[in-house]
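Following: one structure in structure tokens, then a few remarks.
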């Protein structure tokens, strides 16, 4: 085993992997394979020694972790490593290759899973993928492209615990190859989550291809998914690739997958299992290389129980689950969401706005939002278009909004200091305190650039914090 002082060294020119395994022979085999392709291999014989190595100064590029160790459970060690280095790829090693333990490890943040003794070529391929992943993480500043402001990409807005958890899961699952199931009511932002996952993946340069399974009848959905060959049916005058083929080297987004007809579910399951598709009218299968992300507003376990959705397909899709909370469960995000949407809508409609008047936010907060963020955007766009000044007041809201508010909320009087600014200041103060005054972490948590954060701090007199 290498001397412990290696743990305090850095290796700028070569990638470094830490092998935590209690079997000396297996560690020796891994060392021989990986050193031959340019890796520096550090070793630890138990969990405690492995954690000490992770706390050292060595810049690790990956960890190979045995799921069963003499002193501690490998799953526990995985969790501790992820708490120390959230982005560090950890590949689990096991002689017990059950799907259950693999899924559990993946849900806890494992990068991949290998069965002992590891196949040499598979071992090298997984480590190469891990190194590419870590390079992507370092290059892209942990989802900056997907959640930042600079390039206009769609982003999730909010500071509520539910949204923070969603962003955390996107960080974990984005750069992996895992199939993801996104759940949430209509209008909660499932498509934004899918785009963020794709943008943060190793497939970001490839296409993101979407198909709405509820928008097409069964036969048309089948031809759109799998394509068809010339002569497959009347009107098929030439070959046409399906969405699986169009998403090659990228991501296929199956929206509203819960609405897919039962007969078509069987063909989808085969495609996911075998990574091949057979076009309509064809006699040969076509290999496909795609990542699958599915989404639905439906209760899939309930559909499984009723026989409307295949149980095996449900488990195939539900490797990792991200559940978006409805807007009514994160009303603390309403001030941030409202300002973000109004800025976007004012640019779209060429209508400037300065703020919101007394009672406007209070009226929005009192509403239940059955249509979630999509409904909020529609309501705000209506108010912005109808406004005769650069201030938005409660009288611009639909009648059913004004009916639920108090007389004070329905008042057309504009406050001297808009309540929106007060709410924004409170959000800024809370975010700064939560991140110890660190400007970079605060900006990332709020989903804004550092320049935007600096402007807002200056605006609210918070630059000294």
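In this note's numbering, the protein residues as written are 1 to 465.
Here a beta-carbon is modelled for each residue, glycine too, at the ideal position from N, C-alpha and C.
Just tell me which of the options has its CA closest to the CA of residue i.
i: residue 163; options: 329, 379, 363; result: 329
i: residue 291; options: 20, 49, 202, 28; result: 202
i: residue 194; options: 272, 294, 240, 226; result: 294
i: residue 187; options: 52, 224, 324, 394; result: 324
i: residue 225; options: 237, 333, 248, 301; result: 248
i: residue 349; options: 377, 381, 367, 299; result: 381
i: residue 463; options: 446, 425, 444; result: 425
i: residue 288; options: 30, 456, 251, 301; result: 251
i: residue 358; options: 327, 394, 452; result: 394
i: residue 262; options: 134, 300, 308, 235; result: 308
i: residue 310; options: 284, 331, 346, 260; result: 260
i: residue 119; options: 133, 108, 132, 95; result: 95
i: residue 326; options: 217, 363, 372; result: 372
i: residue 331; options: 49, 37, 370; result: 370
i: residue 434; options: 50, 159, 80, 116; result: 159
i: residue 39; options: 125, 431, 241, 279; result: 125
i: residue 266; options: 300, 313, 241, 297; result: 313
i: residue 14; options: 35, 28, 27; result: 35
Using a threshold of 6 Å, is the CB atom of residue i nearer than that to any non-hydrogen atom of the ligand FAD?
i: residue 400; result: The ligand FAD is not among the ligands present in this structure, which contains no ligands whatsoever.
Just the C-alpha distance for residue i and residue j, rounded to the nearest angstrom, thanks.
i: residue 391; j: residue 352; result: 9 Å
i: residue 47; j: residue 110; result: 16 Å
i: residue 91; j: residue 199; result: 23 Å
i: residue 82; j: residue 130; result: 15 Å
i: residue 41; j: residue 454; result: 43 Å
i: residue 106; j: residue 360; result: 44 Å
i: residue 142; j: residue 197; result: At residue 142 the pLDDT is 41, less than 50, meaning the model places this residue with poor confidence and gives no usable figure here.
i: residue 16; j: residue 44; result: 13 Å
i: residue 277; j: residue 386; result: 51 Å
i: residue 282; j: residue 320; result: 33 Å
i: residue 161; j: residue 238; result: 51 Å
i: residue 274; j: residue 179; result: 14 Å
i: residue 104; j: residue 268; result: 24 Å
i: residue 333; j: residue 169; result: 19 Å
i: residue 441; j: residue 62; result: 24 Å
i: residue 272; j: residue 365; result: 43 Å
i: residue 285; j: residue 270; result: 11 Å
i: residue 31; j: residue 374; result: 53 Å
i: residue 459; j: residue 428; result: 11 Å
i: residue 347; j: residue 181; result: 33 Å
i: residue 207; j: residue 134; result: 21 Å
i: residue 114; j: residue 54; result: 21 Å
i: residue 443; j: residue 401; result: 33 Å
i: residue 149; j: residue 156; result: Note on residue 149: pLDDT 42, under 50, position unreliable in the model; no value is reported.
i: residue 205; j: residue 112; result: 22 Å
i: residue 234; j: residue 218; result: 17 Å
i: residue 355; j: residue 437; result: 27 Å
i: residue 306; j: residue 184; result: 20 Å
i: residue 116; j: residue 56; result: 27 Å
i: residue 397; j: residue 456; result: 27 Å
i: residue 127; j: residue 79; result: 20 Å
i: residue 209; j: residue 246; result: 7 Å
i: residue 431; j: residue 446; result: 8 Å
I need the boundaries of the beta strand (DSSP E) containing residue i, first residue and last residue.
i: residue 334; result: Unbroken run through residue 334 is the alpha helix (DSSP H), 334-349; no beta strand (DSSP E).
i: residue 254; result: 251-255
i: residue 94; result: 90-94
i: residue 42; result: 40-44
Could you tell me which residues DSSP puts in a beta bridge with residue i?
i: residue 240; result: 228
i: residue 68; result: 73
i: residue 191; result: Residue 191 pairs with nothing; no bridge assigned.
i: residue 62; result: 17
i: residue 391; result: 355
i: residue 112; result: 91
i: residue 183; result: 296, 323
i: residue 287; result: 276
Provide the residue span of the alpha helix (DSSP H) that contains residue i, from first to last.
i: residue 367; result: It is not in any alpha helix (DSSP H) - residue 367 carries neither H nor E in the DSSP assignment.
i: residue 323; result: Per DSSP, residue 323 belongs to no alpha helix (DSSP H); it is in the beta strand (DSSP E), 320-323.
i: residue 311; result: 311-317
i: residue 179; result: Run containing residue 179: none; DSSP gives neither H nor E here.
i: residue 169; result: 161-173
i: residue 524; result: The first residue shown for the chain is 1 and the last is 465, placing residue 524 beyond what the model contains.
i: residue 294; result: No alpha helix (DSSP H) holds residue 294; the beta strand (DSSP E) holding it covers 291-296.
i: residue 209; result: Element bounds for residue 209: not the alpha helix (DSSP H) but the beta strand (DSSP E), 208-212.
i: residue 37; result: Looking at the DSSP string, residue 37 is not in any alpha helix (DSSP H), and its letter there is neither H nor E.
i: residue 52; result: 47-55
i: residue 156; result: Here residue 156 belongs to no alpha helix (DSSP H), and DSSP marks it neither H nor E.
i: residue 375; result: 372-386
Consider the Cβ of residue i: report whether some Cβ of chain B lies at a distance smaller than 7 Å.
i: residue 461; result: Of the protein chains in this structure there is only one, and it is not chain B.
> Would you say the region 64-77 touches the region 16-32, given that touching needs at least three Cβ pairs under 8 Å?
Replying inline: Verdict: yes, contact present.
> Is it true that the region 208-223 meets the region 237-256, where meeting means three or more beta-carbon pairs spaced less than 8 Å apart?
Replying inline: At 8 Å Cβ cutoff, the stretches touch.
> Taking one C-beta from the region 172-189 and one from the region 228-244 each time, how about it: are there three or more such pairs within less than 8 Å?
Replying inline: Segments in contact, no.
>> So, does the region 338-357 touch the region 164-184, judging by three or more C-beta pairs under 8 Å?
In response: Short answer: they don't touch.
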